[in-house]
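What follows is a single structure, written as structure tokens, with notes after it.
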Amino acid sequence: MADEALKDINQFLTFTLGKEIFALDIGTVREVLELTSITKIPRTPKFMRGVINLRGHAVPVVDMRLKLGMSKGEDTVDTCIIIVEIEYEGEFTIMGALVDSVREVFEMTPDTIEPAPKMGAAINAEYIKGMGRQNEQFIIIIDINKIFSAEELAIAKNMAGLGGADRVPAPEEAAAQAQA
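If you read the sequence shown in UniProt numbering, its first letter stands for residue 1, the second for the next number, and so on.
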């Protein structure tokens, strides 16, 4: 019985954009990095901040504030890049999500997650998986696999250099390769 209860617990990485709290399923998160130098790529959408060097591979970075239609924020000591793995039509893309701050890994059971609110036909909120709560504050749970269009993912792959970001090794793989 205890094992069944554990299967119903979902872990999410919570982060902030402005005063709002968002969350990503921990299964899509590869790692969290401090803000590092980002190289801007000309003629890309405004929300595409540029690329970073992650263990020798170019990884595109998206400013999540701009992607979600918020105003651009100032980078601070708390600004982080969440490295995520996005699946679209069976293909995986590694991207960085620039956020104001990372808070914690938070567990929620399905019964504590409310469905995404209906926003009407004019607003596409398909990327919102649901709404959680921590104390009296809402947590907007994002489905990272639904936030980008096929065209945006293609731009990200091009920014990474012909899909090179797909092959970024996980930290433990990189350590093993370095020792070999």
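For every residue, glycine included, the Cβ atom is placed at its ideal position computed from N, Cα and C.
{"query": "G90 classed as buried or exposed, judged by whether at least 16 other C-beta atoms fall within 10 angstroms", "result": "exposed"}
{"query": "M159 in three-state terms, based on DSSP", "result": "helix"}
{"query": "CB contact below 9 Å: E104 versus chain C", "result": "Here chain C cannot be found, since the structure has a single protein chain."}
{"query": "Nonlocal neighbours in the same chain, by C-beta distance under 6 Å from A174, ignoring five residues either side", "result": "With a pLDDT of 49 at A174, under the threshold of 50, the modelled position of that residue is not reliable, and no figure is offered here."}
{"query": "Beta-carbon separation (whole angstroms), V32 vs I82, contact threshold 8 Å", "result": "5 Å"}
{"query": "Residue 200 to I41 span [Cα, whole Å]", "result": "Residue 200 cannot be examined here, being either before or after the span of the chain that is shown, 1 to 180."}
{"query": "For S71, the nearest candidate out of Q134, G18, L35 (CA to CA)", "result": "G18"}
{"query": "For L6, the three-state DSSP class (helix, strand or coil)", "result": "Note that L6 has pLDDT 47, beneath the 50 cutoff, so the model's placement of it is unreliable and the number below is only indicative. It is helical."}
{"query": "Alpha-carbon to alpha-carbon, L13 and D111", "result": "18 Å"}
{"query": "Closest by C-alpha distance to I140, when choosing among I21, A125, Q11", "result": "I21"}
{"query": "Boundaries (first-last residue) of the beta strand (DSSP E) holding L98", "result": "91 to 99"}
{"query": "Host alpha helix (DSSP H) of L68 (start-end)", "result": "Where L68 is concerned, there is no enclosing alpha helix (DSSP H), given that its DSSP letter is neither H nor E."}
{"query": "Which of helix, strand or coil DSSP assigns to I144", "result": "helix"}
{"query": "Residue 184 versus H57, K67, T16, P115, residue with shortest Cα-Cα distance", "result": "Outside the modelled stretch of the chain, which goes from 1 to 180, sits residue 184, for which no answer is possible."}
{"query": "As assigned by DSSP and simplified to three states, the class of G130", "result": "strand"}
{"query": "7 Å CB neighbourhood of T44 in its chain, flanking five on each side removed", "result": "I155, M159"}
{"query": "Close beta carbons around E107, own chain, < 8 Å, minus the five adjacent residues each side", "result": "I9, N10, Q11, F12"}
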